[in-house]
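Comments concern the structure below.
Structure follows, in structure tokens:
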């Protein structure tokens, strides 16, 4: 079986992140490395809090913008891990982002909330607040997710999340 990772034409991805993946610690648990990243802005979207969840959702909203960062040099395998982590609640979309310090725009994958009419979306989501209140538990959940992922019968990330956070 030929491995695609040794191929010189390896396609690397840019991924725009705006929630728990803003934390290098979470990215490191998932990818076993911290890829290069830089601040980025996604115009025409809003970052919502989700009732009953500690992570946010984004949806298209005119005249709004989401500050996040773009992670660069993501391999196909790493993108598969991120897809699995974001699970069925999100749809991976290609969006155009801008870098604050440059006029250049670039394309990146990002994860958009799947249910645009979700009644559980509200307000704004705050990364600093998340770091203080939820990051420690979220990191533990993410480690559990990665251990599960290595099992032949792995649970979905939503199932891992729900089993981890239901003890509250």
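Residue numbers (the working numbering): 869 to 1036.
Even for Gly, the Cβ is constructed at its ideal location relative to N, Cα and C.
The structure presented is a predicted model; accordingly, all values stated were derived computationally and were not measured.
query	result
Per DSSP, the bridge partner or partners of residue 990	917
Residue 984: CB within 6 Å of a non-hydrogen atom of the ligand HEM	For the ligand HEM, the structure offers nothing, since it holds no ligand at all.
Residue 1021 - DSSP class collapsed to helix/strand/coil	coil
Per-residue DSSP class, three states only, for residue 943	coil
N-terminal and C-terminal residue of the beta strand (DSSP E) that residue 1040 is part of	With the chain covering only 869 through 1036, there is no way to say anything about residue 1040.
Beta bridge counterpart(s) of residue 976 as assigned by DSSP	963
Distance between residue 981 and residue 917 (C-alpha atoms, nearest Å)	11 Å
CB contact flag (residue 937, residue 911, <7 Å)	no
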